[in-house]
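Enquirer:
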Amino acid sequence: MRRTYPTLLLATVSLFAMVLATAGPVVAADPPTEAVVVRSGNVDTAAALVMAHGGQVTGELPLIGAVSAELAPQAVVALRSLPDLEVAPDVEIRFASAGVAAPPAPALQRQAMNLPEGWGLESGAGVGVALVDTGVAAVPQLTGRVVHGPDLSGEGDGIDRYGHGTFMAGLIAAAPVDGDTVGVVGVAPGAHLVSVKVAGADGVTSLSRIIEAIGWVVTNQDEHGIRVLNLSVAVTLPLSWQADPLSAAVQAAWSSGITVVAASGNDGEGTVTSPGRDPWVLTVGASDPNGTPEVVDDTVADWSGRGRVGPSHKPDVLAPGVSTISLRVPGSYVDGHHPEGRLGEHHFRGSGTSMSTALVSGGVALLAELRPFATPDDLKGAVVATGHPIADSTAPAVDLAAADLATPDAAWRQHHPIAFDGLDGRLSQGMPWNHLRAPSPEQAWTRARWVDEGFARARWVEANLARARWVDANLARARWVEADWSRARWVTTEWADLIIQGGFPDPADIDGPRDGAQAP
């Protein structure tokens, strides 16, 4: 037996040598990297730090003074140890579900919002609602009222192939068309939508893409008359909201005069996701109308995110989110995988705080048309202060008619800590309208304008939008207000996973889970 060992060993070595000879040279595998968002308040500084630690910059996020990057795990640890630097995982975003199969209640979603007297098909006219989502399909209910911004998904055409963005667009601004037997109309059918597509047919995007999209909205708000930003998106990150790059982005939009409406998430009691957890934005949870138009018997949907964020409770308000009905995209991912959600040729049904958020975005667009000089704080304050109480909820149900008739209140002006520090720390004293000679809430709510006639020129960013910076040499000249208010003028959307909340399925439920996936 002993004589067989050398023979066997020789044979084994010879075979191994033959394999090596035929396989070619051994190539070392690339070391693993992590996708991150690195924020220092200055793009160039963030990029230099990434490269100094052997990383690769994959994109610039000038809105918040950050970059997206790929770094080795040890480099990420090293960067996180540096002062005045925030490093967040550039998490993958995918769409999740709160259900599609509940019985439809087509009239309840608008009835429950209690639209103002005189509401009509032109309501919301002149107001742009930015929709950062999966794009918007060419559907007759939105003809002529969709502006396609950049397509960051890689598909390049702005068209919705997943089905989520068009559904949200319909809740905000759908208008009736001939042959529409369901008859669903958006809350603000006169508003126009500015679509920034961040996810393609697979419904997948990233945190950095969302932030990039918000940056585009801010820098192009005057050109498209954007007053409202709908973010039917939710993420849980291992960071406080003060260190959250998405909080920084939405605060930048808010400080620019855009009312941000965000979902509270679909993870149930005790949870509020980003950016809805940010104290400045208008955060929306889902109510269940329970089959009636009366708010008195409404309840909070079991899966609706709700909880305490710092000293305050979130969400701020509730809106219908159970079995809402909106626009269908035939042939989209959602339409193909969930035929049980279809309602005729044009419509689909779904549940989620995404839907509630879109309804409230439409409502804010109505108020923005009726009160064109109100600040984001004023619009949020009016909506929150006039809502109807809901059993077992700290958040009221939205009542748009009451909000329209609200008496202005200085308490509407918010005073929270700031996550966004792109204005040389100036926001540490509050939003611009609080400390730069802004009008009183009553003036802003009725007649006085809080943005001057040079707003199109006096940006917090440079004229060259490709190199836009929130802190630059023009900062000293950029002003929200001027002494002569009579000349002021407005220029005529845990860790490791991010979910755009909606009543649609997570693709992982059908195609298998992705790394780090977690369904609600």
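Residues 0 to 519 in numbering that gives the first Met the number 0 are what the sequence shown lists, from first letter to last. Using N, Cα and C, we set each Cβ at its ideal position, and we do this for glycine too.
#1: What is the rounded straight-line gap between the Cα of residue 405 and the Cα of residue 267?
#2: Leaving out the 5 sequence neighbours to the left and right, which residues in its chain are closer than 8 Å to residue 57 when beta-carbon positions are compared?
#3: Shortest alpha-carbon distance to residue 151 belongs to which of 137, 212, 45?
#4: Closer than 8 Å is the cut-off here; do at least three beta carbon pairs connect the segment 366–381 with the segment 111–129?
#5: Any idea which residues DSSP pairs residue 282 with across the strands?
#6: Which residue wins for smallest C-alpha separation from residue 414, given the options 391, 375, 388, 185?
#7: For residue 130, is the classification buried or exposed, using 16 other Cβ atoms within 10 angstroms of its Cβ as the cut-off for buried?
#8: Taking the CB atoms as reference points, tell me whether residue 146 and residue 80 lie closer together than 8 Å.
#9: Are the CB atoms of residue 177 and residue 345 nearer to each other than 8 Å?
#10: When the distance is taken between beta carbons, is residue 202 closer than 8 Å to residue 332?
#11: For residue 308, which residues from the same chain have a beta carbon less than 6 Å from its beta carbon, with the 5 sequence-adjacent residues on both sides left out?
#12: What is the residue span of the alpha helix (DSSP H) that residue 334 lies within?
#13: So the beta strand (DSSP E) residue 49 belongs to, where does it begin and stop?
#14: Give the list of continuous beta strand (DSSP E) stretches no shorter than 3 residues that lie fully inside the segment 306–367.
#15: What three-state label does DSSP hand residue 408 in the structure shown?
#16: Where are the beta strand (DSSP E) runs, 3 residues long or more, that stay fully inside the segment 141–198, in chain order?
#17: With burial defined as no fewer than 16 other Cβ atoms inside 10 Å of the residue's Cβ, what is the status of residue 278: buried or exposed?
#18: Cα separation between residue 391 and residue 91?
#19: Would you identify the three-state DSSP class for residue 217, choosing helix, strand or coil?
#20: Do you know offhand how far residue 467's Cα is from residue 384's?
#21: Using the DSSP secondary-structure output, state which residues sit across from residue 227 in a beta bridge.
#22: Can you list, in chain order, the residues of its chain whose CB lies under 8 Å from that of residue 485, leaving out five sequence neighbours each side?
#23: For residue 240, tell me which candidate among 198, 310, 292 has the shortest Cα-Cα distance.
#24: Assign residue 71 to one of three DSSP states: helix, strand, or coil.
#25: Considering only their Cβ atoms, is the gap separating residue 209 from residue 228 smaller than 8 Å?
#26: Might you give, ordered along the chain, the residues of its own chain that have their beta carbon closer than 6 Å to the beta carbon of residue 522, omitting 5 neighbours on each side?
#27: Might you give, ordered along the chain, the residues of its own chain that have their beta carbon closer than 6 Å to the beta carbon of residue 196, omitting 5 neighbours on each side?
#28: Could you tell me which residues DSSP puts in a beta bridge with residue 298?
#29: In three-state DSSP terms, what is residue 93?
#30: Which residues does DSSP pair with residue 33 in a beta bridge?
#31: Rank 283, 313, 234 by C-alpha distance to the C-alpha of residue 93 and give the top, closest one.
#32: Using the Cβ count rule (16 or more neighbours within 10 Å means buried), how would you classify residue 295?
#33: For residue 72, which residues in the same chain have their Cβ closer than 7 Å to its Cβ, ignoring the five residues on either side in sequence?
#34: Along the chain, where does the beta strand (DSSP E) containing residue 55 start, and where does it finish?
#35: What residue from 242, 204, 237, 191 has the CA that sits closest to residue 83's CA?
#36: Work out the CA separation of residue 224 and residue 281 for me, nearest whole Å.
Expert: By the coordinates alone:
#1: Taking the straight line joining both Cα atoms gives about 31 Å.
#2: 34, 66, 67, 68, 69, 207, listed in sequence order.
#3: For the residues 137, 212, 45, the minimum Cα distance to residue 151 belongs to 212.
#4: The answer is yes - the segment 111–129 touches the segment 366–381, with three or more Cβ pairs under 8 Å.
#5: Its beta-bridge partners are 261.
#6: Distances from the CA of residue 414 to each of 391, 375, 388, 185 were compared; the closest alpha carbon is that of 375.
#7: Using a 10 angstroms sphere on the CB of residue 130, the tally of other CB atoms reaches 16 or more, which defines it as buried.
#8: Cβ distance not < 8 Å, so residue 146 and residue 80 don't count as in contact.
#9: Between residue 177 and residue 345, the gap from beta carbon to beta carbon reaches 8 Å or more.
#10: Cβ distance < 8 Å, so residue 332 and residue 202 count as in contact.
#11: Cβ contact annotation for residue 308 (same chain, cutoff 6 Å, sequence separation greater than five): 271, 276, in chain order.
#12: Counting along the chain, the alpha helix (DSSP H) containing residue 334 begins and ends at 332–336.
#13: Boundaries around residue 49 are those of the alpha helix (DSSP H), 42–51, since no beta strand (DSSP E) includes it.
#14: The beta strand (DSSP E) runs lying completely inside the segment 306–367 and spanning 3 residues or more are 306–308, 311–313, 316–319, 323–326, 346–349, given in chain order.
#15: Coil, per DSSP.
#16: Within the segment 141–198, the complete beta strand (DSSP E) runs of at least 3 residues fall at 145–150, 191–196.
#17: Residue environment: residue 278 is assigned as buried (16 or more neighbouring CB atoms within 10 Å of its CB, all protein chains considered).
#18: Approximately 34 Å between the Cα atoms of the pair.
#19: It is helical.
#20: Per-residue confidence for residue 467 stands at a pLDDT of 31, beneath the threshold of 50, marking its modelled position as unreliable; the derived number appears in the next sentence. Each residue's CA atom was taken as its position, placing residue 467 and residue 384 some 37 Å apart.
#21: Looking at the DSSP assignment, residue 227 forms a beta bridge with 128, 258.
#22: Since pLDDT at residue 485 reaches only 21, below the 50 mark, its modelled position is unreliable, and no value is offered.
#23: Checking every option, the nearest Cα to that of residue 240 belongs to 310.
#24: The answer is coil: DSSP assigns residue 71 none of H, G, I, E or B.
#25: It is not a contact, given that the beta carbons lie outside the stated cut-off.
#26: Residue 522 lies beyond the residue range present for the chain, which begins at 0 and ends at 519; the question has no answer from this structure.
#27: 134, 150, 152, 157.
#28: Answer is 287, bridged to residue 298.
#29: Residue 93 falls in the strand class under three-state DSSP.
#30: DSSP output for residue 33 lists 70 as bridge partner(s).
#31: Nearest of 283, 313, 234 to residue 93, Cα basis: 234.
#32: Under this definition residue 295 is an exposed residue.
#33: Hits under 7 Å: 31, 33.
#34: Per DSSP, residue 55 belongs to the beta strand (DSSP E) from 55–60.
#35: Minimum Cα-Cα distance from residue 83 among the listed residues 242, 204, 237, 191 corresponds to 242.
#36: Distance between the alpha carbons of residue 281 and residue 224: 20 Å.
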